[in-house]
Amino acid sequence: MKIAVSGKGGVGKTTFVATLARVFAENGKKVIAIDADPVANLAVTLGVKNVSQIVPISQMKDLIKERTGATSEEYGKFFQLNPTVSDLPDKLSLEQEGIKLMVLGAVKRGGGGCACPESAFLRTLLSHLIVQRDEVVIVDMEAGVEHLGRATVKAVNALIVIVEPGSKSIQTAFQVKKLADDIGLRAIYAVGNKVASDEHRALIEKGLSGIPVLGFISYNEKVLESDIVGKAVFSENSQLLDEVRLIKKNLEDCTK
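Residue numbers (the working numbering): 112 to 367.
Take a look at the structure:
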């Protein structure tokens with residue numbers, strides 16, 4: 112299962128990615144969670160300590176130069192468009208709660224993005240993870256729709272858009288769907304988050320007409336509490352885990 116998660120900034124993408132990764136891991140699956148959002152919060156959401164010491168792969172200049180033959184500072188120099196990356200998921204991942212975590216850092220837009228060694232390196236690594244690895248791969252994408260230019264997104268089993276009650280979030284979901292349709296990605300689903308009432312559920316379901324809704328995550332003050340104390344978002348949060356377990360089941364049913 113290869114899953115990309117998108118949505119408007121602040122809707123709870125990272126909370127969902129971390130909890131979904133945990134749910135897959137508790138069933139004995141090998142899981143790689145990838146933080147591809149320039150605002151990298153997946154590590155702390157998984158409960159990783161000393162997150163300030165994590166160096167995003169995009170900032171590993173020596174490694175990028177070793178694999179591509181150049182860095183972006185070397186203007187005009189030829190570099191490898193398809194560098195060797197197959198050994199890196201095991202070398203550069205952290206393990207937390209039975210989940211391997213990779214922090215990519217800023218990934219430039221595929222297709223129309225910058226033609227630089229760092230961009231080529233990260234695109235190749237992301238493609239390897241999605242296409243060639245046999246683990247469950249869950250990618251926390253940058254907020255919005257910019258990532259949909261990347262050819263690697265075509266390989267995912269599902270693109271899940273996280274939506275909170277509100278017109279802006281719903282509008283973003285349709286922007287994601289349109290661009291996904293443009294590149295031939297049909298397996299698009301939504302998850303409602305921060306839902307506090309039946310009215311919220313109805314608003315999301317009605318607003319997302321044409322996008323299947325896999326389920327809902329309730330407004331949950333323990334999510335905020337986990338951030339304050341620096342523990343995993345799903346720690347001692349049975350409601351969140353149960354709701355994401357149901358979403359996982361519905362996802363598996365839809366992608367059989």
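The beta-carbon is built from N, C-alpha and C at its ideal position, and this holds for glycine as well.
The continuous beta strand (DSSP E) containing Lys211 extends over residues 210–214. By the CB criterion at 8 Å, Ser117 and Leu212 fall outside the cutoff. Residue Thr156 holds the alpha-carbon nearest to the alpha-carbon of Asp338 among Thr156, Gly303, Tyr300. Note that the C-beta distance between Ala129 and Ala147 is not below 8 Å.
Here the alpha carbon of Lys279 sits roughly 42 Å from the alpha carbon of Phe189. If you draw a straight line from the Cα of Gly180 to the Cα of Ala154, it comes to about 30 Å. Residue pairing from DSSP places Ser117 in a beta bridge opposite Val272. Excluding the 5 residues flanking it on each side, Val242 has same chain C-beta neighbours closer than 6 Å at Ala266, in chain order. The region 191–204 makes no contact with the region 320–339: fewer than 3 CB pairs, one atom from each, lie closer than 8 Å.
Under the DSSP definition of a beta bridge, Asp146 partners with Val214, Asp251. Asn268 places its beta carbon less than 8 Å from that of Thr366.
Bridge pairing for Tyr300: Ile271 [DSSP]. In this structure, Arg178 and Val196 form a Cβ contact; the two beta carbons are roughly 7 Å apart against a cut-off of 8 Å.
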